[in-house]
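K.L.:
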Amino acid sequence: MKQKIAVVGVGKLGLCFALNLEMVGFEVWGVEANHDYAIQLRRKDFDSDEPQVNEMLLASSSLIISDDISRIFQEDIVDIFLMVATPSLPDGGYDHSQIERVADRLMALGKSEKSRHIYIGCTTMPGYCAQLAKKLGEFGYTISYNPEFIAQGSIVRDQQFPDQVLIGECNEEVGDRLQAIYQAFVKSEAVYCRMDPLSAEITKLATNCFLTTKISFANSIGDLAKTAGADVNSILKAVGSDSRIGGKYLGYGFGFGGPCFPRDNRALGKYAESVGYPLRISNATDQVNEEHFQFQLKNYLESSSSSEIIVFEGVAYKQGTTQITESQQLRLAVALAKEGRKVTIKDSVGVIDQIRQLHPGLFQFETDLSAVG
Ligand SMILES: NC(=O)c1ccc[n+]([C@@H]2O[C@H](COP(=O)([O-])OP(=O)(O)OC[C@H]3O[C@@H](n4cnc5c(N)ncnc54)[C@H](O)[C@@H]3O)[C@@H](O)[C@H]2O)c1
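Numbering (the numbering used here), first residue to last: 629 to 1001.
1) Enumerate in chain order the residues of its own chain whose CB-to-CB distance from D696 is below 8 Å, with the five nearest sequence positions on each side excluded.
2) Can you find a heavy atom of ligand 1 that lies under 7 Å from the Cβ of Q780?
3) Have a look at S689 and P825 and give me their C-alpha separation to the nearest angstrom.
4) Suppose the cutoff is 8 Å on Cβ atoms and the five residues either side in sequence are ignored; what does the same chain contact list for A713 look like?
5) If you draw a straight line from the C-alpha of S848 to the C-alpha of V916, how long is it?
6) Find out if the Cβ-Cβ distance for the pair V1013, T972 is shorter than 8 Å.
7) Shortest alpha-carbon distance to L964 belongs to which of L990, I952, D975?
8) Can you tell me whether DSSP reads R969 as helix, strand or coil?
9) Indicate, with yes or no, if ligand 1 has a heavy atom lying under 7 Å from the CB of G948.
10) Does the beta carbon of K640 fall short of 7 Å from some heavy atom of ligand 1?
11) Rounded to the nearest angstrom, what separates F1002 and L641 at their Cα positions?
12) If we ignore side chains and look at the alpha-carbon of each, how far apart do E994 and T840 end up?
13) Give a single yes or no on whether C750 has its beta carbon closer than 7 Å to a heavy atom of ligand 1.
14) Look at the alpha carbon of Q780 and the alpha carbon of Q759, and state the distance between them as a whole number of angstroms.
15) For L734, which of helix, strand or coil comes out of DSSP?
16) What's the gap between the Cα of P877 and the Cα of I843?
17) Flag this pair as touching only if the region 713-723 and the region 894-910 have three or more C-beta atom pairs under 8 Å; answer yes or no.
18) Assign K832 to buried or exposed, taking buried as 16 or more other Cβ atoms, counted over all protein chains shown, within 10 Å of its Cβ.
19) DSSP state of M684, grouped into three classes?
20) Any idea if P890 is buried or exposed, counting beta-carbon neighbours within 10 angstroms, 16 or more meaning buried?
21) For my contact list, Y747 and L710 are in at a C-beta cut-off of 8 Å; report their separation, rounded to the angstrom.
22) What is the rounded straight-line gap between the Cα of S694 and the Cα of E741?
23) Provide the residue(s) that pair with E655 in DSSP beta bridges, ordered along the chain.
24) Considering only residues of the same chain and omitting the five flanking positions on each side of A580, which have a CB-CB separation below 6 Å?
25) For ligand 1, any of its heavy atoms closer than 7 Å to the Cβ of Y665?
26) Could you give the C-beta distance for E655 and K632, rounded to a whole number, given that I count them as a contact under 8 Å?
27) Does the Cβ of C837 lie closer than 7 Å to at least one heavy atom of ligand 1?
28) Would you give the residue range spanned by the beta strand (DSSP E) that D707 belongs to?
29) To the nearest whole angstrom, what separates the beta carbons of Q956 and F882, a pair I think is in contact under 8 Å?
30) Taking the alpha carbon of K854 as the reference point, which residue from G885, G886, K926, P887 has its own alpha carbon closest?
31) In whole angstroms, give me the CA-to-CA distance for H920 and V706.
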């Protein structure tokens, strides 16, 4: 008999994870609150932008989508991955209310006779897992933290070939159990980084804070080189050739954006403040990203005339996605257009539709049929 696993919240992250589990022989119960979306998944006619997802969904035979969380009890499922959204709050922290709603539903079902294990895949504020463990512990659930290091546009692949699997385990036995689930589908020589949940919560944010810092560093050195009349790319290539540094995320270009980097960096700063250790690096990185944006804007304005057409080829935060959240490319395009420059955006239909709604009449568009979405 197949081992049953629940994935609560089969959105961008959860669906890929559920499909990866299903593909290696687990029976996966995807619990999804969005009724219309759940129907699409059940009918297998959901059209995802993520590579491999449509094919995997069509080929799946053991992915069962339900909107009823009590199926966890009925199906006697012990391993429960939680992958609901944790949007950012205006103060830089995370809104855990979707997780809370799942917890409330589980508590309403009563105390579980056997111990069940919840693995939080959502990005949380450090310390949140401990709070949740207090709340759900007496109802028979353990809480471990297990975030993913993935990027949109390559989620399925990133889950199959991670550098590291981060396991913030509530105890060693549960950590072993979680590691075994990963070992069933991970195809890389991943390092299993096992620690307590609080350390894992900090690790997740620290990783993205490091990457945003590296991007900001590269852009600052690039801006300096441009100001001084030096060769930006040669400098960064040489710096990145040092194996202690490495060339990844060390190119000169747009500032960091997207749904994870900026908010994880800010959240770490917010958390650090809350424990009385102001983490200057996280604030500085954010500030440098802003300064770089202003530098680029000034450069574009100075080096182009108002009659010239400025073309942006792709304004999603990352190539291969339709995600425009905190895209610095789009932000620059908007700022230039608002300064009276003629701006054409060349991108996929999916991206163009979003921009038309957000900024009616601001741009000219060219559809890029080779772009995703
Ligand atoms: N998408 C990414 O690139 C990415 C990367 C790293 C980490 N994360 C983290 O993963 C988590 C999930 O992100 P996402 O992008 O997949 O979010 P998403 O919004 O795409 O998916 C969340 C899903 O959960 C469902 N949901 C909400 N409440 C529910 C409930 N009570 N019961 C069942 N389903 C419910 C929603 O309907 C939705 O389908 C977040 O914490 C995010 O920070 C996401």
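All C-beta atoms in this analysis are idealised placements derived from N, C-alpha and C, irrespective of residue type, glycine included.
Remember, predicted model here, so these are calculated numbers, not experimental data.
P.N.:
Well, looking at it:
1) Counting from one through the sequence shown, the residue named residue 696 turns up at place 68. Within the same chain, D696 has close Cβ partners V659.
2) Position 152 of the sequence shown, counted from the first residue, corresponds to residue 780. True, at least one ligand heavy atom lies under 7 Å from that Cβ.
3) Stepping through the sequence shown from its first residue, residue 689 is reached at position 61. Stepping through the sequence shown from its first residue, residue 825 is reached at position 197. Answer to the nearest angstrom: the Cα atoms are 33 Å apart.
4) Working through the sequence shown from its first residue, we reach residue 713 at position 85. Answer for A713: G637, G639, Q726, C750, listed in chain order.
5) Taking the first residue of the sequence shown as position 1, residue 848 is located at position 220. Taking the first residue of the sequence shown as position 1, residue 916 is located at position 288. Their Cα atoms are separated by approximately 7 Å.
6) Residue 1013 is absent from the structure shown; the chain starts at 629 and stops at 1001.
7) In the sequence shown, the residue the question calls residue 964 occupies position 336. Looking at the Cα atoms, L990 is the closest of the given residues.
8) Within the sequence shown, numbered from 1, the residue matching residue 969 stands at position 341. It is coil, neither helix nor strand.
9) As a working note, residue 948 is residue 320 in the sequence shown. Not one heavy atom of ligand 1 sits closer than 7 Å to the Cβ of G948.
10) Locating residue 640 in the sequence shown gives position 12, counting from the first residue. Indeed, a heavy atom of ligand 1 lies less than 7 Å from the Cβ.
11) Outside the displayed range of the chain (629 to 1001) lies residue 1002, so it cannot be described from this structure.
12) Within the sequence shown, numbered from 1, the residue matching residue 994 stands at position 366. Within the sequence shown, numbered from 1, the residue matching residue 840 stands at position 212. If you take the alpha carbons of E994 and T840, they lie about 31 Å apart.
13) In the sequence shown, the residue the question calls residue 750 occupies position 122. In this structure, C750 has its beta carbon less than 7 Å from a heavy atom of ligand 1.
14) Against the sequence shown, residue 780 aligns to sequence position 152. Against the sequence shown, residue 759 aligns to sequence position 131. Taking the straight line joining both Cα atoms gives about 29 Å.
15) Walking along the sequence shown from the start, residue 734 turns up at place 106. Three-state DSSP puts L734 in a helix.
16) Counting from 1 along the sequence shown, the entry for residue 877 is found at position 249. Counting from 1 along the sequence shown, the entry for residue 843 is found at position 215. Note that residue 877 is Tyr in the sequence shown, not Pro. Using only the alpha carbons, I get a separation of about 6 Å.
17) yes
18) What you label residue 832 is simply residue 204 of the sequence shown in a count that begins at 1. So K832 ends up on the buried side.
19) If you number the sequence shown from 1, residue 684 lands on position 56. In the structure shown, M684 sits in a helix (DSSP, three-state: H, G or I).
20) The residue labelled residue 890 in the question sits at position 262 within the sequence shown. With 16 or more other Cβ atoms within 10 Å, it is buried.
21) Here residue 747 refers to the residue found at position 119 when the sequence shown is read from its first residue. Here residue 710 refers to the residue found at position 82 when the sequence shown is read from its first residue. Taking 8 Å as the upper bound for CB-CB distance, Y747 and L710 are in contact here, some 7 Å apart.
22) Position 66 of the sequence shown holds residue 694. Position 113 of the sequence shown holds residue 741. When rounded, the distance between both Cα atoms is 23 Å.
23) Translated into positions along the sequence shown, residue 655 becomes position 27. In the DSSP output, where bridge partners are listed per residue, E655 has K632.
24) The requested residue 580 does not occur in the structure, where the chain is confined to residues 629 to 1001.
25) Taking the sequence shown and counting its residues from 1, the one referred to as residue 665 is at position 37. At least one heavy atom of ligand 1 is nearer than 7 Å to the Cβ of Y665, so yes.
26) In the sequence shown, counting from the first residue as 1, residue 655 sits at position 27. In the sequence shown, counting from the first residue as 1, residue 632 sits at position 4. 5 Å between Cβ atoms; contact.
27) Here residue 837 refers to the residue found at position 209 when the sequence shown is read from its first residue. No, ligand 1 has no heavy atom inside 7 Å of this Cβ.
28) Numbered from its first residue, the sequence shown carries residue 707 at position 79. Per DSSP, D707 belongs to the beta strand (DSSP E) from 707-710.
29) Working through the sequence shown from its first residue, we reach residue 956 at position 328. Working through the sequence shown from its first residue, we reach residue 882 at position 254. The distance from the Cβ of Q956 to that of F882 is about 4 Å, consistent with a contact at the 8 Å cut-off.
30) Translated into the one-based positions of the sequence shown, residue 854 becomes position 226. The option with the nearest alpha carbon to K854 is K926.
31) One-based indexing of the sequence shown puts residue 920 at position 292. One-based indexing of the sequence shown puts residue 706 at position 78. H920 and V706: Cα-Cα distance of roughly 48 Å.
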